[in-house]
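Start counting the sequence shown at 153; every next residue gets the next number (this note's numbering).
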Amino acid sequence: TEVPVSLHPDGRDRPPHLRPWRDGWRHLKFLFMLSPFWLFVAPSTLLILFSAVLFGVLLMTPPRQVFHLGPIWFGDHWMILGGGLFQLGYSGLVLGAGAALSSVRQGYRRTTRLLRWIRWAATVEHALAVGGAFCTAGIGVLAYVFNEWSEAHFGGLQEIRPIVLATTLLLIGVQTIFGGFLLTILGDESEAEQDREHAPEVAGPTDASC
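As structure tokens, this is what we get:
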């Protein structure tokens, strides 16, 4: 129903307390804090996709050669940038999952099917298995580089791309293990909080029962 209203001017004789920049930033910060997807997941996914494309293109390019995209050349420097962006994006995904689980514990949102899957997948056991696989792959790439170095009689070596790949895999593996512990803690706390909220009230012992 539409109800007519009348606008009356402010009768106070003092200036308003509103500060556009400070109060606007506080409001925007509050919105971001309650939206882990836009704060963590969305930008992190873009970083991972961009770095994955860089990794794929440069690893398929023969060593000591660059990939040409029109007038732009992509070489070993871009591989280093891609490794850093991938690690940053992966850390953002872990933080986003932790923020989502924490928001459930604080009552900002309800548990969804995705959050239940994250709680199931982000256990310490799963994190150790996946993180161990990443670390094993990184050590395998490092072994390949060491073999190339030994064949070069431990002299000059141009294996920047494999080294960046191995470093990225090792760091992702360690982050997965640490992230598994963190998400398990947050998941257990949020699940316990929901169990307490939905638990039936139990009457305390009376004098007669005692």
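Glycine is no exception: its CB is placed at the ideal position from the N, C-alpha and C atoms.
Of all the CB atoms in chain B, is at least one closer than 8 Å to the CB of THR197? Of the chains in the structure shown, none is chain B; there is only one protein chain.
LEU210 by DSSP, collapsed to three states: which one? In the sequence shown, residue 210 corresponds to position 58, counting from 1. In the three-state reduction of the DSSP assignment, LEU210 falls in the helix class.
Suppose only complete runs of 4+ residues qualify. What are the alpha helix (DSSP H) ranges in the segment 223-290, listed by chain order? Qualifying alpha helix (DSSP H) stretches, in chain order: 228-257 and 265-273.
At what residues does the alpha helix (DSSP H) containing HIS376 begin and finish? Residue 376 falls outside the range modelled here, since the chain spans only 153 to 362, and no answer is possible.
With 16 other Cβ atoms within 10 Å as the buried cut-off, status of MET231: Taking the first residue of the sequence shown as position 1, residue 231 is located at position 79. Around the beta carbon of MET231, 16 or more other beta carbons sit within 10 angstroms, so the residue counts as buried.
How far does the beta strand (DSSP E) with HIS220 in it extend, from its first residue to its last? As a working note, residue 220 is residue 68 in the sequence shown. Counting along the chain, the unbroken beta strand (DSSP E) around HIS220 starts and ends at 219-221.
Minimum C-alpha distance to GLY284 - residue among PHE333, HIS229, THR328 and GLY250: The residue you call residue 284 lines up with position 132 of the sequence shown. Comparing Cα positions, the closest option is THR328.
For the segment 330-339 against the segment 275-282, do three or more pairs of beta-carbon atoms, one drawn from each stretch, fall closer than 8 Å, so that the two count as touching? With contact defined as three or more Cβ pairs closer than 8 Å, the segment 330-339 and the segment 275-282 are in contact.
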